[in-house]
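Working notes, structure below.
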Amino acid sequence: DQREATTCNIVNKAKHRRFNLRPPKFPELDGQLAAWVEAANTNNVCITGPLLKQKALRLAVVLGIRQFRASQGWLFKFQRRHNLGTSAPRCESASIDPSVTNAGRKSLLLETQFYDARDVYNMDETGIIYKAQPKTSMSSKPLFGLKKDKSRISVALTANADGSHKLPPFFIGKAEKPRCVGSLSAQELRFYYRSNRKSWMTIALFSEWIMELN
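FYI, in UniProt numbering the residues of the sequence shown are 1 to 214.
Rendered as structure tokens:
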């Protein structure tokens with residue numbers, strides 16, 4: 001988010017400057033929000049700029065403060081008042097050898113050269129880690145990392161090469177009957193759904209999908 005990145009840059013650059021900040025216009029809101037941030041930090045819950053502003057707006061409603069605006073200026077001053085900086089965990093990014101992808105692309109073109117583009121389909125699978133926390137957090141002190149929750153849903157998307165036909169998405173979860181769909185079936189909601197213990201695509205599930213497609 002560009003606005004969030006801008007806020008982080010402002011805060012980082014401002015660490016070496018002096019500011020004579022005025023007392024908060026809404027001290028009760030400021031105090032409750034600061035306590036919420038402290039509790040989140042204690043429990044190693046990541047906080048971002050947009051999340052902080054959303055929480056502030058909800059508190060304003062509860063406290064009956066109608067004229068409050070969670071602007072970028074307000075966020076900046078709140079961070080300065082409570083000595084909140086931003087931090088991100090270090091990580092290593094794995095690079096892919098271009099020669100491997102080029103060789104795979106050439107091999108695929110050779111195999112599909114005698115087919116029309118409309119008859120060539122590609123499936124791409126990805127995982128949605130729906131309990132993942134943000135990569136950066138606002139805090140007045142260093143935070144200890146928690147073991148990442150890897151609860152996931154896998155989804156496979158399939159379309160033909162000329163884009164004229166897109167198949168219903170294929171979701172794989174843990175629950176045999178997800179509560180979020182209620183009494184409706186996957187067919188009624190226009191997607192394909194299967195389940196297993198790890199929410200992963202398996203040879204058996206892929207083979208079943210292919211047979212139904214044919």
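For every residue, glycine included, the Cβ atom is placed at its ideal position computed from N, Cα and C.
These numbers come from a predicted model, not from an experiment.
Could you give the first and the last residue of the continuous alpha helix (DSSP H) run that contains Thr101?
Reading the sequence shown from its first residue, position 101 is the one you call residue 101. Note, Thr101: alpha helix (DSSP H), Pro98 to Thr112.
Does DSSP put Val37 in a helix, in a strand, or in coil?
Walking along the sequence shown from the start, residue 37 turns up at place 37. Note: Val37 maps to helix in three-state DSSP.
Start and end residues, beta strand (DSSP E) containing Ser207
For the purposes of this step, residue 207 is identified with residue 207 of the sequence shown, where counting begins at 1. Boundaries around Ser207 are those of the alpha helix (DSSP H), Ile203 to Leu213, since no beta strand (DSSP E) includes it.
For a quick check, are the C-beta atoms of Phe171 and Val181 less than 8 Å apart?
Stepping through the sequence shown from its first residue, residue 171 is reached at position 171. Stepping through the sequence shown from its first residue, residue 181 is reached at position 181. No, the Cβ-Cβ distance between Phe171 and Val181 is not below 8 Å.
Are the beta-carbon atoms of Gln32 and Leu52 separated by less than 8 Å?
Along the sequence shown, one-based indexing puts residue 32 at 32. Along the sequence shown, one-based indexing puts residue 52 at 52. Against a cut-off of 8 Å, the Cβ pair of Leu52 and Gln32 comes out as no contact.
Pick out whichever of Asn102, Ala103, Gly163 and Cys46 has its Cα sitting closest to the Cα of Lys131.
In the sequence shown, the residue the question calls residue 131 occupies position 131. That would be Cys46, whose Cα lies nearest to the Cα of Lys131.
Return the CA-CA distance between Gly85 and Leu29, expressed in angstroms with no decimal places.
What you label residue 85 is simply residue 85 of the sequence shown in a count that begins at 1. What you label residue 29 is simply residue 29 of the sequence shown in a count that begins at 1. Taking the straight line joining both Cα atoms gives about 20 Å.
Residues bridged to Leu157 by DSSP?
Your numbering for residue 157 matches position 157 in the sequence shown. DSSP output for Leu157 lists Asp124 as bridge partner(s).
Which first and last residues belong to the alpha helix (DSSP H) in which Phe170 is found?
Locating residue 170 in the sequence shown gives position 170, counting from the first residue. Premise fails: Phe170 lies in the beta strand (DSSP E), Phe170 to Gly173, not in any alpha helix (DSSP H).
Taking the continuous alpha helix (DSSP H) assigned at Arg194, which residues delimit it?
Working through the sequence shown from its first residue, we reach residue 194 at position 194. Note, Arg194: premise wrong, no alpha helix (DSSP H); beta strand (DSSP E) at Tyr192 to Ser195.
In the DSSP assignment, what are the bridge partners of Lys166?
Your numbering for residue 166 matches position 166 in the sequence shown. Answer is Ala159, bridged to Lys166.
Taking 8 Å as the threshold, find out whether the region 160-171 comes into contact with the region 107-125 through three or more Cβ pairs.
They touch, by the three-pair rule.
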